[in-house]
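Asks: Please read through the structure below; I'll follow up with questions.
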Amino acid sequence: MKEVWDKKAKTFPRYIANSDEDKPIFEYFKNAGIDFSGKNVLDLGCGNGRYALALAQNAKNVLCFDISPNMLENVKADAKKHGFSNIHTFCGDWGEFDIAEFGEFRDKIDIVFASLTPALNSFEKFEKAYNLAKEAIMYIGWGRKRENAYLNAVFKAHNAEVALPTGAMNVTEYLESLGLEVPPVHFITKTIHHRKTLESAVADASWQLEAHEVTPNIELIKEVSLKWREADYLNSSDLEDSATPRVSAYSSDSVLPKLDSRDSLDSADSANSTDSSEVREFKDLADSRDLRIGKIDENNEMKCYDITDNGENIVHYKSIMEIGIMAIRK
Numbered sequence: 036m037k038e039v040w041d042k043k044a045k046t047f048p049r050y051i052a053n054s055d056e057d058k059p060i061f062e063y064f065k066n067a068g069i070d071f072s073g074k075n076v077l078d079l080g081c082g083n084g085r086y087a088l089a090l091a092q093n094a095k096n097v098l099c100f101d102i103s104p105n106m107l108e109n110v111k112a113d114a115k116k117h118g119f120s121n122i123h124t125f126c127g128d129w130g131e132f133d134i135a136e137f138g139e140f141r142d143k144i145d146i147v148f149a150s151l152t153p154a155l156n157s158f159e160k161f162e163k164a165y166n167l168a169k170e171a172i173m174y175i176g177w178g179r180k181r182e183n184a185y186l187n188a189v190f191k192a193h194n195a196e197v198a199l200p201t202g203a204m205n206v207t208e209y210l211e212s213l214g215l216e217v218p219p220v221h222f223i224t225k226t227i228h229h230r231k232t233l234e235s236a237v238a239d240a241s242w243q244l245e246a247h248e249v250t251p252n253i254e255l256i257k258e259v260s261l262k263w264r265e266a267d268y269l270n271s272s273d274l275e276d277s278a279t280p281r282v283s284a285y286s287s288d289s290v291l292p293k294l295d296s297r298d299s300l301d302s303a304d305s306a307n308s309t310d311s312s313e314v315r316e317f318k319d320l321a322d323s324r325d326l327r328i329g330k331i332d333e334n335n336e337m338k339c340y341d342i343t344d345n346g347e348n349i350v351h352y353k354s355i356m357e358i359g360i361m362a363i364r365k
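36 is the number of the first residue of the sequence shown in the numbering used here; add one for each residue after it.
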């Protein structure tokens, strides 16, 4: 799995200061009585440090743990860029990791933070994290719903199904098995609109297959992706309505969109006669330079547009994801 996550390090979400997407999450934990100010926090499965650096603004120390060396290199680079000196990185497989390797922090971890990580995909791994935390676990897990018709079509073409990852509902079972009180699960649902080049869409779908231990057929993925070209997506609801299974679909578009192609946007109407409201909204967003990843509207909708260019093979689809947030206090 290390190689799979190393590959994902190039496009996995990175730290954005004052992210609109993250504010409701931290506000929820604050209202639940979890205060990480001046505390030692372990970010378990930290990825590229999207949350770790946000935690570092107030925490005493943030221990960033991940299976991917490439992810941790990005964490260190972003920590240096933003001036954080309280970041400490640790690499390994959580199930096999010897907590003695935390050194001076071994018995000083106040809070464990875990967001959408497979590191806690079993009772044993969760219990290990729970026993390590002195005060609380700030948990963000997959919810009950994951809808992505495009990704489902890719998997179906490979005679495979996308599994809903271990998430909040599993953690409630783990807590019950430990004889502990189960806190409320706060669910947030987001609709994410993706706009990618064919190459980017194929690469992302290929990674999803590898993460599910399915060998990707690149030509087959291209064939499916071409059925999701933007013109079809904007002019017909057939593709979106044809299948909305509960599948896993990471919001992996962390690269800031290129905003230097206004000429191609201005000429879009002549190339595309559709009067789609989404086309108009997309152009308005591009003109206002408001295509930043993490920008969520009042309906919990966000744009994950890699590009503003227009072309024949732009892949455009949406996914609906639900996350479950739990403030697990000890």
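By construction, the Cβ of each residue, glycine as well, lies at the ideal position given by its N, Cα and C atoms.
Small disclaimer: the values here were computed from a predicted structure and weren't measured.
Quick one: what does DSSP say residue 138 is sitting in, helix, strand or coil?
Replies: helix
Asks: How about residue 154 and residue 177: do their beta carbons lie closer than 9 Å?
Replies: no
Asks: Just to confirm before moving on: does the CB-CB distance between residue 124 and residue 100 stay below 9 Å?
Replies: yes
Asks: Sort out for me which residues DSSP pairs residue 123 with in a bridge.
Replies: 98
Asks: Taking three-plus beta-carbon pairs below 8 Å as touching, is the stretch 173 to 187 in contact with the stretch 197 to 217?
Replies: yes
Asks: Less than 9 Å separating the beta-carbons of residue 263 and residue 350?
Replies: Yes, Cβ-Cβ distance for residue 263 and residue 350 is below 9 Å.
Asks: Please report the straight-line C-alpha distance between residue 364 and residue 150, rounded to a whole angstrom.
Replies: 16 Å
Asks: Please report the distance separating the alpha-carbon of residue 140 from that of residue 354.
Replies: 39 Å
Asks: Please go through the same chain and pick out, in chain order, the residues whose beta-carbon is closer than 7 Å to the beta-carbon of residue 36, but skip the five residues on each side of it.
Replies: 102
Asks: Quick one: Cα of residue 360 to Cα of residue 146, how far?
Replies: Computed Cα separation, rounded: 15 Å.
Asks: How about residue 104 and residue 126: are their beta carbons less than 9 Å apart?
Replies: yes
Asks: Would you list the residues sitting across from residue 158 in a DSSP beta bridge?
Replies: According to DSSP, residue 158 bridges with nothing at all.
Asks: Going by alpha carbons, who is nearest to residue 106 out of 241, 347, 209 and 41?
Replies: When only C-alpha atoms are compared, the closest one is 41.
Asks: Could you pull out every residue in the same chain whose Cβ sits closer than 8 Å to the Cβ of residue 73, ignoring the five residues on either side in sequence?
Replies: 93, 94 and 95
Asks: Between residue 67 and residue 255, what straight-line distance do the alpha-carbon atoms span, to the nearest angstrom?
Replies: When rounded, the distance between both Cα atoms is 47 Å.
Asks: Beta-carbon separation of residue 234 and residue 39 under 9 Å?
Replies: no
Asks: Tell me whether residue 363 sits in a helix, a strand or coil according to DSSP, three-state version.
Replies: strand
Asks: Would you mind sorting residue 120 into buried or exposed? The rule is 16 or more other CB atoms within 10 Å of its CB.
Replies: exposed
Asks: Just to confirm my understanding: we take residue 70, look at its own chain, exclude 5 residues before and 5 after, and list those with CB closer than 6 Å. What are they?
Replies: By the criterion of a C-beta distance shorter than 6 Å, residue 70 is surrounded by no residue of its chain, once the five residues flanking it on both sides are discounted.
Asks: Suppose you measure from the CA of residue 168 to the CA of residue 143; what does that come to, to the nearest Å?
Replies: Between residue 168 and residue 143, the C-alpha separation is close to 8 Å.
Asks: So residue 90 packs on residue 76, CB below 8 Å; how close in whole Å?
Replies: 5 Å
Asks: How big is the Cα-Cα spacing for residue 62 and residue 204?
Replies: 22 Å
Asks: Are there 16 or more other CB atoms within 10 angstroms of the CB of residue 215, so buried, or fewer, so exposed?
Replies: exposed
Asks: Helix, strand or coil: how does DSSP classify residue 260 here?
Replies: helix
Asks: Counting C-beta neighbours from all protein chains within 10 Å, is the total for residue 122 16 or more, i.e. buried, or is it exposed?
Replies: By the Cβ-count criterion, residue 122 is buried, with 16 or more other Cβ atoms from all chains shown falling within 10 Å of its own Cβ.
Asks: For residue 85, which residues in the same chain have their Cβ closer than 7 Å to its Cβ, ignoring the five residues on either side in sequence?
Replies: 48, 49 and 50
Asks: Quick check for students: name the residue ranges of the beta strand (DSSP E) that lie wholly in the stretch 164 to 201, counting only runs of 3 or more.
Replies: 171 to 182
Asks: Which one of 253, 209 and 166 has the shortest CA to CA distance from residue 134?
Replies: For residue 134, the closest alpha carbon among the candidates 253, 209 and 166 is that of 166.
Asks: When the Cα atoms are used, what is the spatial distance from residue 230 to residue 172?
Replies: 35 Å
Asks: Terminal residues of the continuous alpha helix (DSSP H) containing residue 132?
Replies: Here residue 132 belongs to no alpha helix (DSSP H), and DSSP marks it neither H nor E.
Asks: Hey, quick one: how far does the alpha helix (DSSP H) through residue 222 stretch, first residue to last?
Replies: No alpha helix (DSSP H) holds residue 222; the beta strand (DSSP E) holding it covers 221 to 231.
Asks: Below 6 Å CB to CB, which residues in the same chain sit around residue 64 once its five sequence neighbours on both sides are set aside?
Replies: Only residues of its own chain outside the window of five on either side were considered, and among them 173 and 362 have a CB closer than 6 Å to the CB of residue 64, listed in chain order.
Asks: Count the other CB atoms within 10 Å of the CB of residue 305; is the residue buried (16 or more) or exposed (fewer)?
Replies: The predicted position of residue 305 is uncertain, since its pLDDT is 32 and thus under 50; a value taken from the coordinates is nonetheless stated next. With fewer than 16 other Cβ atoms within 10 Å, it is exposed.
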